[in-house]
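Each protein sequence line maps, in turn, to chains B and L. Residue numbering for the first sequence follows my numbering, starting at 1 and increasing by one per position. Residue numbering for the second sequence follows my numbering, starting at 322 and increasing by one per position. By construction, the Cβ of each residue, glycine as well, lies at the ideal position given by its N, Cα and C atoms. The model shown is predicted, which means the values in this text are computed figures rather than measured ones. Presented below is the structure to which this report refers.
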Amino acid sequence: MAQSPSRRTVLKCGTALAAAGLLPISIPVRPAFAAEEALPVEEIADGIFAFAGVDALMTKANRGEICNVGFIIGEEAVAVVDSGGSVAEGRALIAAIRAVTDKPIRYLINTHMHPDHCFGNAAFADTGAVIVGHRNLPRALVSRGEFYLSSYRESMGEALMREIRIVPPTKLVEGEEMLDLGGRTIRLKAWKPAHTDNDLTAFDEKTGVLFTGDLCFLRHLPTLDGSLTGWIEQLDVLKAVRANRAIPGHGPIPADWPGALEPEQRYFEALTRDIRAAIAAGVPLADAVKTAAQSERGNWHLFDEYNARNATAAFAELEWE
Amino acid sequence: MNPHPHRTRNARDCLSLVLFTVLLGAFPISPGQAEETSVPESATWSSLKPDVFGNRGIEAASGIIAIDAPKRAEDAAIVPVDLKFNPGKAAGRIKVVTLIVDENPSPVAAVFKFGPDAGVTHLATRLRVNAYSYVRAIAETEDGKLHMTQTFVKASGGCSAPAMKNQDEAMASLGKMKLRVFPPNAPGTEAMNRATEMQLMIRHPNNSGLQMDQLTRYYIPAHFIRGLTISQGNRLIMTMEGGISISEDPNFRFEFDSKQGEEIKVEAVDTEGMKFENEWPSEPSAL
C-alpha cells in the first residue's frame, strides 16, 4: 500500500507559511451573546427549562446552537440534557441555569454523539457534573472525535473551535437507569441503534416530560447515522413512553406526545419504500438517492442538506435485507 | 500505516492555493512531463504521484477510462464512485486500475487487476472521503501506458463522519457475502450490452484504524479487507488489493463477459488474516 511520505513536506510547508504570517488568520467574530449572557431558555414544566435551537447547520454565526438543550432542577441538584454545539453555548446554558438556581449541576446527560449536542461538554469541566451517556457513546466518540474537530473548523471558525474538546461520558447507561436529583428522578433509557448507535432519552417522572434527544425530529429533517430499520422498529416502543410532552432533539418545544413522532414516521416510510423499490429494481445507489423520498421535500427544513445523505445510508443498510 | 489524523481541513483549504504555487516551484515539472500530463494538477497529487507510480508518465484518459462521483459527498462514509472502461484496440485491454483519494490518510483506495479475458467494462464501488479531495483512477493498458481521469468531491458537511454507523452489527455479521446477478435489462446497465452485471457485497467494518482513542491516546488498529479475488470457473475476473478508503461493507458492482453456467467464486482476506469464501451460480438472481 503506497503511502505518502511527502505529505509531511506538504504539512511542513504549511507550518512555515503560517509561521511567516502568510496565511489569512480568521478574525474572531463577536459571539451572539457575551460569555456570561444566559441562553434564552423557557420553563416548559415545573422545574424544567429548555432552549430551542435554530433549524440550520452549525456556523460561526449561530455558535452551533442548532439543537434543543435543557435542564431539570431537583430539590438537591440539577441535571442538564445536552451541552450544545460549542463551549460558548455550554457556558450560556450554565448562565441560564445560574439565573434560576444555585443548586449544583450533578449530571450532564449527552443524548448521543453528534457535535451539536456535545461540543459544549468542556464548558461543564468546572461544575463537577458527571457526564452520562449511552454505553456505546465513548466508542462512537473515539472513532469520530478527531473528524468532528477538523470537519467543523471551516463552518464554525477557529475562535469557537479552539476551546472545543471531545469529552466522553464517565457514567454509562445500558438498558434503563434512574438519576436522583433529590425528590425528583429521571429515567434514562439507552436505545438500540436508531438515529445513532448511542441514543439516550431522559424522562422526568414528576412532570411527564420526555427529552427525546434526536430520536424525535420536528420540522428539521431527521438525520440518519445509525439504523433506519432500528429507528422504525423502536418508534412503537418510543410511542409507548407515557409522556405528556416532549422536548424533541430539534424543532418547536414543547411538543405533543406521541404525536411528535408522526412526521418522522411518515418520512421514514417514504424513504424506506422508495429505497427498497430502487434496490429491487437494481437501480444503482448514486441514482436512487436523487429521487428517494422527494415526496417529503415540502414538509421539512434542511431537506436538501440531509435527504440524499439519509438515502445513501438507507440504501447501504436496506441492501442487506 | 502512516497516520496523519491531525491534518485540519481549514489549514488545508487555506493552503491549497498557496501550496499550489509553492509546489510548482518546489517540484519543477520537466517540459517533457508537462506535455504528457495534460490533466489538471493538484498539490497533493504532485507529491503523491512519485510514491505510487515513480517517474512513469501518465496520459490523460481520452475515453479509455471515465470516472463519475457525486460533486458533494452526501455521506462521507459512503461515496459512490463509478468507473467505465473503453480501451479501444490501439492500447490493448486494461490490466490494472488504481483508485486514489488524494486527501485521505491512506490515499490509495484500491488496486484492481483484471483477468486477461474478463472483459470488465464497468466497475462501481463506494469510498470514504475524509476531506475535499480529488478522486482519481489510473488505468494501465496492455501497452504499459498509464491513463488518468479524476473528479473533485467536496466533503460532506458536518456530522457525517467516515465511520461505522452500527458497529455491533458490522462485527456481528463479519464476512457475510451477497452476490446479485442483474438481468440484462436492469436500470443502470447499457442497452444491448451483452456483458453480465453483478454486485458483490461483503460485510466487513473495513475499519480505518486511524482514529485516536481520546482516553488512551492510542490508535485503534486497522481492520480491513486487504485482498479479494473474483473468478468464474477457473477464469480470473479480477483481484483487488484494498485499503481503508473502501467503505464499510465493501461493495463492487461490475460488468464483464460472463460464461453461462460457470460458477462465480469469491475469496477475501482481511488484515487479521481471516479468510472469507463463497460461490454462487451465475444465473440472474431474483430481484
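Query, Result
"With distances taken between CB atoms, is the gap from B/M113 to B/T196 smaller than 8 Å?", "yes"
"Please confirm whether L/S603 and L/V474 have their CB atoms less than 8 Å apart.", "no"
"Out of curiosity, what's the CA-to-CA distance linking L/S606 and L/I585?", "13 Å"
"Do B/Y152 and B/P222 have their C-beta atoms within less than 8 Å of each other?", "no"
"Answer yes or no: does any C-beta atom of chain L fall closer than 8 Å to that of B/D225?", "yes"
"What do you reckon, are the CB atoms on B/L149 and B/I131 nearer than 8 Å?", "no"
"With a threshold of 8 Å between beta carbons, is L/A543 in contact with chain B?", "no"
"Residues in the stretch 477 to 497 of chain L with C-beta within 9 Å of chain B's C-beta atoms, listed in sequence order?", "S477, G478, G479, C480, S481, A482, P483, A484, M485, K486, N487, Q488, D489, E490, S494 and K497"
"Where does B/G213 fall in DSSP's three states?", "strand"
"Whole angstroms are fine: how far does the CA of B/D304 sit from the CA of B/R162?", "30 Å"
"Alpha carbon to alpha carbon, how far is L/M522 from B/R184? Give it in angstroms, no decimals.", "50 Å"
"For the stretch 301 to 318 of chain B, which residues have a CB atom closer than 7 Å to at least one CB atom of chain L, in sequence order?", "A308, R309, T312, A313 and A316"
"Do you know offhand how far L/F577's Cα is from L/T365's?", "33 Å"
"Closer than 8 Å, Cβ to Cβ, to anything on chain B: give me those residues from the stretch 399 to 420 of chain L, in chain order.", "I399, P401 and D403"
"Under a three-way DSSP split, which group does B/Y166 fall into?", "The sequence shown places Ile at residue 166 of chain B, rather than the Tyr named in the question. The answer is coil: DSSP assigns B/I166 none of H, G, I, E or B."
"Measuring alpha carbon to alpha carbon, tell me which of L/A482, L/I546 and L/A431 ends up nearest L/A397.", "L/A482"
"For chain L, find out if any of its Cβ atoms is closer than 8 Å to the Cβ of B/R297; answer yes or no.", "no"
"Determine the chain B residues that contact L/M522 at a beta-carbon separation under 9 Å, and present them in chain order.", "E319 and W320"
"Kindly indicate the opening and closing residues of the alpha helix (DSSP H) around B/P115.", "P115 to C118"
"For the alpha helix (DSSP H) holding B/R153, just list the boundary residues, first then last.", "R153 to M156"
"Excluding the five sequence neighbours on either side, which residues of its own chain have a C-beta within less than 6 Å of the C-beta of B/Y306, listed in chain order?", "L221 and T223"
"Under a three-way DSSP split, which group does L/N555 fall into?", "coil"
"Between the stretch 264 to 285 of chain B and chain L, which residues of the former have a C-beta closer than 8 Å to a C-beta of the latter?", "A280, A281, G282, V283, P284 and L285"
"How would you call B/E174, buried or exposed, if buried means at least 16 neighbouring beta carbons within 10 angstroms?", "exposed"
"Please classify L/V456: is it buried, with 16 or more other beta-carbons within 10 angstroms of its beta-carbon, or exposed?", "buried"
"Please confirm whether B/F124 has its beta-carbon closer than 8 Å to some beta-carbon of chain L.", "no"
"Distance check for B/A190 and B/G133, CA to CA, integer angstroms please.", "8 Å"
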